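Chemist: The structure's right below; bear with me while I get my questions together.
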Amino acid sequence: MPTAVQPDTSPDAVVVVPGIMGSELVDAEHGRQLWGLSEPGWYVRAWTRPASLDALGVTGRERDGHVGRVRPVGLLRAPAFAPVLRGAEPYTALLSAVSRVVRHPDAVMSFPYDWRLPVAHTGPLLAQAAEQHLYRWRRHRAGSAGARLVVVAHSMGGLLSRHAVAHLGEQVRAVVTLGTPFAGSPKAAVMMSVGRGAPLPLPYRQLRDLCRTMPAMYDLLPAFPCVHRGEDVTMLTRADVEGFGADGDLFAQAVVGRREVGEIPAGQVRTVIGVAQPTVQGLAVAEGLAQPLFVTALRSGGGVGFADRRGDATVSREAAGVPGVPATYLAQSHGALPRAPEAIQHVCAVITETTLGQPLGPLGPGVDVPEIVTVGEPFSITLTEPHPGASCRIVDTASGRPVAHPVMRGGSGVSVLSGPGLFRVEVKAGGSDTVTQLLLAVVP
1 MPTAVQPDTS PDAVVVVPGI MGSELVDAEH GRQLWGLSEP GWYVRAWTRP ASLDALGVTG
61 RERDGHVGRV RPVGLLRAPA FAPVLRGAEP YTALLSAVSR VVRHPDAVMS FPYDWRLPVA
121 HTGPLLAQAA EQHLYRWRRH RAGSAGARLV VVAHSMGGLL SRHAVAHLGE QVRAVVTLGT
181 PFAGSPKAAV MMSVGRGAPL PLPYRQLRDL CRTMPAMYDL LPAFPCVHRG EDVTMLTRAD
241 VEGFGADGDL FAQAVVGRRE VGEIPAGQVR TVIGVAQPTV QGLAVAEGLA QPLFVTALRS
301 GGGVGFADRR GDATVSREAA GVPGVPATYL AQSHGALPRA PEAIQHVCAV ITETTLGQPL
361 GPLGPGVDVP EIVTVGEPFS ITLTEPHPGA SCRIVDTASG RPVAHPVMRG GSGVSVLSGP
421 GLFRVEVKAG GSDTVTQLLL AVVP
């Protein structure tokens, strides 16, 4: 019988890297908050008032390398929202859990960054910051001279982490990615082309115009055959990008940047992939529009077949994987992955070198909800597959209080919201983890 039980902690250093939209941004000169406000109602006003988000656009001077106008100040502490991308959940639960499985809170460093700028710019900054953090931790009173680094990266943060591995090599013990689009996402093309040549609600116009200025968005464009052209499926081209009104030069720079940094070796990466959610997996490009397709092209026997492989509602299942690396699958949406308890358990298990194995319990349902709804008008909540006994509630992210409990019958339910704001739809089925999606309610 053991007389003392040691805490299950790791001697290593940890860096947590958020995804796109996952860092709070401020105007460096005046200190005005540009992104990541704690009041959910701010997103209602920001996306429904003309020019309210113009300061987030990347200027010509910034494209030329004169950066610093916008400064990252921390990871998200409250939910954030953007049309098409839907929402980003805060990283507070992940950071808190990670801090409990290391020898001292100083072993954990978060890396907020200006997510508008290209991966080729920000990746080396992460590599430098990670190296300095590891150096400090090895000399810390609770640290170890033999400590290595674990990088925990959500979404685009996983693309940045390739630079850290390229720079630090074997000093990086593991990179845990949560929904990283290693092969890009067709949804990025949809965001840049949506509504071209047609009347469009203001939130979508603002999103489209902002995305076209941001080099980072071009780093997220699909880098695999996903464009359906007749009976063939091909790569997205510069002509396609310019055809739907985006910037061909930024596209070309992203392609070069992707080639110049190597992939993370299979032995150093662990992938957590969101599944079961309706996800854009392909594109039909015509007349200046990138139309979303919800099927993946599968080549077999010299021909092309199609299947709905789904994903996390932003990144398709295949695009988030790394060849030769077994994945951990969770039925969860993209923005909610770093907040999901099972994903956090997996991250902590990797940090402490414990093999968690497959997700605890069965996979949950896929959930399809509108991203923007009108106050006072009914909207549907649909499960991709019926789950007997599924329950649903809608939570006001400002107060944390439930505002509705839609009854789910036959795989669907209907609800109405009485006021504007940012809300979280939570669906629970059986013993699976709760699947969540953020939606914005606006006045007519």
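To convert, note that position 199 of the sequence shown is 199 in this note's numbering; the numbers rise steadily by one, no gaps.
Cβ coordinates follow ideal geometry from the N, Cα and C atoms, glycine included.
The structure presented is a predicted model; accordingly, all values stated were derived computationally and were not measured.
Where DSSP assigns a beta bridge to residue 289, which residues make up the other side?
Modeler: Within the sequence shown, residue 289 is the residue found at index 289, counting from 1. BP columns for residue 289 point to 286.
Chemist: Can you list the beta strand (DSSP E) stretches of 3 or more residues lying completely in the region 356-413, in chain order?
Modeler: For the region 356-413, whole beta strand (DSSP E) runs of length 3 or above, ordered along the chain, are 372-374, 379-383, 391-396, 402-404.
Chemist: Would DSSP call residue 280 helix, strand or coil?
Modeler: Reading the sequence shown from its first residue, position 280 is the one you call residue 280. Coil.
Chemist: CA-CA distance, residue 36 and residue 393?
Modeler: Counted from its first residue, the sequence shown places residue 36 at position 36. Counted from its first residue, the sequence shown places residue 393 at position 393. Their backbone Cα atoms lie some 25 Å apart in a straight line.
Chemist: Please tell me whether residue 101 has its Cβ less than 7 Å away from any Cβ of chain C.
Modeler: You won't find chain C in this structure, because it holds only one protein chain.
Chemist: How would you write the range of the alpha helix (DSSP H) that residue 133 sits in, first residue to last?
Modeler: Numbered from 1 along the sequence shown, position 133 holds the residue referred to as residue 133. Taken as a continuous stretch (DSSP letters only), the alpha helix (DSSP H) holding residue 133 covers 119-138.
Chemist: Say whether the region 345-352 touches the region 115-125, bearing in mind that this needs 3 or more beta-carbon pairs closer than 8 Å, one atom from each stretch.
Modeler: Touching, no, given that fewer than three Cβ pairs across the two stretches are closer than 8 Å.
Chemist: Relative to the C-alpha of residue 414, which residue among 391, 396, 398 is closest?
Modeler: Start at 1 with the first residue of the sequence shown, and residue 414 comes out as number 414. The shortest Cα separation from residue 414 among 391, 396, 398 belongs to 391.
Chemist: Cutting at 6 Å between CB atoms, please list the residues of its own chain near residue 110, excluding the five before and the five after it.
Modeler: Position 110 of the sequence shown, counted from the start, is the residue given in the question as residue 110. Hits under 6 Å: 16, 75.
Chemist: What residue from 315, 310, 40 has the CA that sits closest to residue 384's CA?
Modeler: Residue mapping note: residue 384 aligns to position 384 of the sequence shown, counting from 1. Taking only the C-alpha atoms, the option nearest residue 384 is 310.
Chemist: Count Cβ pairs between the region 42-58 and the region 92-101 that sit closer than 8 Å; are there 3 or more?
Modeler: The region 42-58 is not in contact with the region 92-101.
Chemist: So residue 450 and residue 338 are in contact, right, with Cβ under 8 Å, and what is the actual spacing, rounded?
Modeler: Nothing about residue 450 can be read from this structure; the chain reaches only from 1 to 444.
Chemist: By DSSP, does residue 47 sit in helix, in strand, or in coil?
Modeler: Here residue 47 refers to the residue found at position 47 when the sequence shown is read from its first residue. Of the three classes helix, strand and coil, the one that applies to residue 47 here is helix, per DSSP.
Chemist: Expressed to the nearest angstrom, what Euclidean distance is found between the alpha-carbon atoms of residue 442 and residue 211?
Modeler: The sequence position of residue 442 within the sequence shown is 442, counting from 1. The sequence position of residue 211 within the sequence shown is 211, counting from 1. Going by the C-alpha atoms only, they are around 22 Å apart.
Chemist: Terminal residues of the continuous beta strand (DSSP E) containing residue 109?
Modeler: Residue mapping note: residue 109 aligns to position 109 of the sequence shown, counting from 1. Residue 109 -> beta strand (DSSP E) spans 108-110.
Chemist: Just tell me which of 63, 428, 177 has its CA closest to the CA of residue 263.
Modeler: Locating residue 263 in the sequence shown gives position 263, counting from the first residue. It is 177 whose Cα lies nearest to the Cα of residue 263.
Chemist: Whether or not the region 26-36 and the region 75-90 are in contact is what I'm after, with contact meaning three or more pairs of Cβ atoms, one per stretch, closer than 8 Å; do they touch?
Modeler: Output reads yes: the region 26-36 touches the region 75-90.
Chemist: Kindly identify the DSSP beta-bridge partner or partners of residue 475.
Modeler: Since the displayed the chain opens at 1 and closes at 444, residue 475 lies outside it and no answer follows.
Chemist: Among the candidates 125, 270, 369, whose CA atom is the shortest distance from the CA of residue 167?
Modeler: Translated into positions along the sequence shown, residue 167 becomes position 167. Residue 125 is the option with its Cα nearest to residue 167.
Chemist: Tell me the rounded alpha-carbon separation between residue 139 and residue 11.
Modeler: By one-based count along the sequence shown, residue 139 stands at place 139. By one-based count along the sequence shown, residue 11 stands at place 11. Rounded to whole angstroms, residue 139 to residue 11 spans 12 Å at the Cα level.
Chemist: Using DSSP bridges, identify the partner residues of residue 273.
Modeler: Along the sequence shown, one-based indexing puts residue 273 at 273. Partner(s): 329.
Chemist: Enumerated in chain order, which unbroken segments of the beta strand (DSSP E) with a length of 3 residues or greater are wholly contained in the region 14-78?
Modeler: Fully enclosed beta strand (DSSP E) runs of 3 or longer: 23-27, 33-35, 70-75.
Chemist: What span of residues does the beta strand (DSSP E) with residue 103 cover, start to end?
Modeler: As a first step, residue 103 must be located in the sequence shown, where it is residue number 103. Segment: none, residue 103 is in no beta strand (DSSP E) and carries neither H nor E.
Chemist: Considering only residues of the same chain and omitting the five flanking positions on each side of residue 358, which have a CB-CB separation below 6 Å?
Modeler: What you label residue 358 is simply residue 358 of the sequence shown in a count that begins at 1. Since pLDDT at residue 358 reaches only 49, below the 50 mark, its modelled position is unreliable, and the value read off the structure follows with that caveat. There are no such residues.
Chemist: Return the chain-ordered list of same chain residues with a C-beta closer than 6 Å to the C-beta of residue 429, the five sequence neighbours on each side being excluded.
Modeler: The residue you call residue 429 lines up with position 429 of the sequence shown. Hits under 6 Å: 364, 365, 387, 390.
Chemist: In whole angstroms, give me the CA-to-CA distance for residue 61 and residue 6.
Modeler: Here residue 61 corresponds to residue number 61 of the sequence shown, with the count starting at 1. Here residue 6 corresponds to residue number 6 of the sequence shown, with the count starting at 1. Taking the straight line joining both Cα atoms gives about 54 Å.
Chemist: Who pairs with residue 227 in a beta bridge, going by DSSP?
Modeler: Here residue 227 corresponds to residue number 227 of the sequence shown, with the count starting at 1. Residue 227 is bridged to 234, 283.
Chemist: Can you list, in chain order, the residues of its chain with a C-beta nearer than 6 Å to that of residue 434? Leave out the 5 residues immediately preceding and following it.
Modeler: Numbered from its first residue, the sequence shown carries residue 434 at position 434. Contacts found: 426, 428.
Chemist: So residue 225 and residue 234 are supposed to be a Cβ contact under 8 Å. How far apart are they, rounded?
Modeler: Here residue 225 refers to the residue found at position 225 when the sequence shown is read from its first residue. Here residue 234 refers to the residue found at position 234 when the sequence shown is read from its first residue. That belief holds up - the Cβ atoms of residue 225 and residue 234 are roughly 6 Å apart, short of 8 Å.
Chemist: Could you compute how far the alpha carbon of residue 382 sits from the alpha carbon of residue 409?
Modeler: Taking the first residue of the sequence shown as 1, we reach residue 382 at position 382. Taking the first residue of the sequence shown as 1, we reach residue 409 at position 409. When rounded, the distance between both Cα atoms is 10 Å.
Chemist: Can you confirm whether the region 229-245 touches the region 272-292 when touching is taken to mean that 3 or more C-beta pairs between the two stretches lie within less than 8 Å?
Modeler: With the cut-off at 8 Å, the region 272-292 and the region 229-245 touch.
Chemist: Which of the three DSSP states, helix, strand or coil, is assigned to residue 244?
Modeler: Counting from one through the sequence shown, the residue named residue 244 turns up at place 244. Three-state result, residue 244: coil.
Chemist: Run through DSSP, which three-state label would residue 198 get?
Modeler: By 1-based counting over the sequence shown, the position of residue 198 is 198. Any reading at residue 198 must be qualified, since the residue scores a pLDDT of 49, below 50, and its modelled position is unreliable; the value itself is stated next. Looking at residue 198 - three-state DSSP - the assignment turns out to be coil, as it is neither helix nor strand.
Chemist: Which residues mark the beginning and the end of the alpha helix (DSSP H) in which residue 299 is found?
Modeler: On the sequence shown, position 299 is the one that residue 299 refers to. Premise fails: residue 299 lies in the beta strand (DSSP E), 296-300, not in any alpha helix (DSSP H).
Chemist: Report all residues from its chain with a CB closer than 8 Å to the CB of residue 198; omit the five preceding and five following residues, and keep chain order.
Modeler: Walking along the sequence shown from the start, residue 198 turns up at place 198. In this prediction, residue 198 has a pLDDT of 49, which is less than 50 and means its spatial position is unreliable; what the coordinates show is noted afterwards. No residues qualify anywhere along the chain.
Chemist: Measure the alpha-carbon distance for residue 417 versus residue 23 and round it to whole angstroms.
Modeler: The residue given as residue 417 occupies position 417 in the sequence shown. The residue given as residue 23 occupies position 23 in the sequence shown. Looking at the two C-alpha atoms, the distance is approximately 29 Å.
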